[in-house]
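Working notes, structure below.
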Ligand SMILES: [Zn+2]
Ligand SMILES: [Zn+2]
């Protein structure tokens, strides 16, 4: 098969690789239909997350059709379309049973191999899905491919950010960063009953999308943006800021907009070693800081509900469809935000 592999900093290649095979009775093999490129794929791409083994297949967002199921697989069968979250999960350990599937003791992250161990990614023609019964979710026929590819990460992660922020009726919120995850965080806040959601970004296309999702778009970093939010909250600041970027700049912007007693919720993958605000500043704000990887598998049924509600144009988060063979160019396009790129999906 062909797969898009990591070859070093900002170097990818479309390579011929052996087809994946069943390695455990609980595995399935899928034929990939669509694979997403995620903002967090850019961390290993730039080696901000170091140690990814050269030759590893990239990616952790996929929709595919089961072509082979191990003898221990009960809920899935060949021919079924499935969506897969970015980590595997067993379904029966403490963390799986309490809904924190992203911390499953048997879980592994797709697209991360180090020292000969770990899982291949999903930007390939075929992929092996371990612990398939608990990991994969069957995709109903009324869901399109562009919607289904968002079920395993983008949608649940954005909704999870709104959970962390405890968005509720009457609340006023700010979403920092209007990439695909930020858009879904807007959806989560509005579903929670938010009175107003302000969406901050510096890219005009992303702000237009944020408005389509129902937020008030504001240019990040402009003094008027801050004063607009302060005016709307009697000078207090927002009840919660939903930080969906993962950079020190986004973190300090979020901190600055939260009212005393409010919450800074983040699902951005941070790679810096320190907070951009001090423990003392957090104390002085009575800040609640909530953070973490989304338990995507646990959130997939609700993500499906959001798609089915047709309240938000979720598939509009995808700006580009490119063939897998153009993978290296697709990463560059996405990384440099060329051609108004917000998200790319690859088709084998
Ligand atoms: Zn992702
Ligand atoms: Zn588990």
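Residue numbers (our numbering): -18 to 329.
Here a beta-carbon is modelled for each residue, glycine too, at the ideal position from N, C-alpha and C.
Collapsed DSSP secondary structure at residue i in the structure displayed
{"i": "residue 255", "result": "coil"}
{"i": "residue 338", "result": "A query on residue 338 cannot be resolved here, the shown segment of the chain reaching from -18 to 329 and no further."}
{"i": "residue 271", "result": "strand"}
{"i": "residue 245", "result": "strand"}
{"i": "residue -13", "result": "strand"}
{"i": "residue 220", "result": "strand"}
{"i": "residue 230", "result": "helix"}
{"i": "residue 28", "result": "coil"}
{"i": "residue 128", "result": "helix"}
{"i": "residue 18", "result": "strand"}
{"i": "residue 86", "result": "coil"}
{"i": "residue 105", "result": "strand"}
{"i": "residue 163", "result": "helix"}
{"i": "residue 4", "result": "coil"}
{"i": "residue 239", "result": "strand"}
{"i": "residue 293", "result": "coil"}
{"i": "residue 286", "result": "helix"}
{"i": "residue 316", "result": "helix"}
{"i": "residue 74", "result": "coil"}
Spatially closest choice to residue i from the options, by CA coordinates
{"i": "residue 257", "options": "248, 227, 285 and 48", "result": "227"}
{"i": "residue -5", "options": "305, 26, 272 and 158", "result": "305"}
{"i": "residue 245", "options": "328, 324, 4 and 157", "result": "157"}
{"i": "residue 326", "options": "6, 154, 12 and 17", "result": "17"}
{"i": "residue 229", "options": "7, 297, -12 and 250", "result": "250"}
{"i": "residue 144", "options": "185, 11, 118 and 174", "result": "174"}
{"i": "residue 6", "options": "52, 44 and -18", "result": "52"}
{"i": "residue 302", "options": "278, 277, 170 and 328", "result": "328"}
{"i": "residue 248", "options": "288, 135, 299 and 207", "result": "135"}
{"i": "residue 403", "options": "24, 142, 278 and 20", "result": "Residue 403 cannot be examined here, being either before or after the span of the chain that is shown, -18 to 329."}
{"i": "residue 192", "options": "219, 241, 207 and 171", "result": "171"}
Identity of the residues DSSP links to residue i by a beta bridge
{"i": "residue 182", "result": "200"}
{"i": "residue 93", "result": "100"}
{"i": "residue 9", "result": "50 and 110"}
{"i": "residue 118", "result": "64"}
{"i": "residue 301", "result": "325"}
{"i": "residue 154", "result": "178 and 221"}
{"i": "residue -6", "result": "-14"}
{"i": "residue 42", "result": "17"}
Cβ of residue i within 8 Å of any chain B Cβ
{"i": "residue 163", "result": "Judged by its chain identifiers, the structure shown contains no chain B, having just a single protein chain."}
Specify which residues have a beta carbon nearer than 5 Å to any heavy atom of ligand 2, listing them in chain order. Taking each Cβ in turn, the ones that pass are 70, 71, 74, 77 and 85.
Spell out a yes or no on whether the region 74 to 81 and the region 44 to 52 are touching, meaning 3 or more CB-CB pairs, one atom from each, closer than 8 Å. No, they do not touch.
Below 6 Å from a heavy atom of ligand 1 - residues by beta-carbon: So the residues near ligand 1 by this Cβ test are 19, 21, 41, 42, 67 and 134.
Could you tell me whether the region 113 to 133 touches the region 185 to 204, using the rule of 3 or more Cβ pairs below 8 Å? Contact between the region 113 to 133 and the region 185 to 204 is absent, because fewer than three Cβ pairs lie under 8 Å.
Can we say the region -14 to -5 touches the region 109 to 116, given the rule of at least three CB pairs closer than 8 Å? As far as the Cβ criterion goes, the region -14 to -5 does not touch the region 109 to 116, which means the pair count is below three.
Take every Cβ of the region 199 to 217, pair it with every Cβ of the region 308 to 320, and state whether three or more of those distances are shorter than 8 Å. With a cut-off of 8 Å, the region 308 to 320 and the region 199 to 217 do not count as touching, because too few Cβ pairs lie within range.
Per the contact definition of three or more C-beta pairs closer than 8 Å, is the region 251 to 271 in contact with the region 279 to 294? No contact exists between the region 279 to 294 and the region 251 to 271.
Counting pairs of beta carbons, one from the region 171 to 188 and one from the region 140 to 159, are three or more of them closer than 8 Å? Verdict: yes, contact present.
Is the region 85 to 102 close to the region 59 to 71, with three or more CB pairs under 8 Å? Taking a contact to require three or more Cβ pairs closer than 8 Å, the region 85 to 102 and the region 59 to 71 qualify as touching.
At least three beta-carbon pairs within less than 8 Å, the region 94 to 102 to the region 292 to 310: Result no; under three Cβ-Cβ pairs closer than 8 Å.
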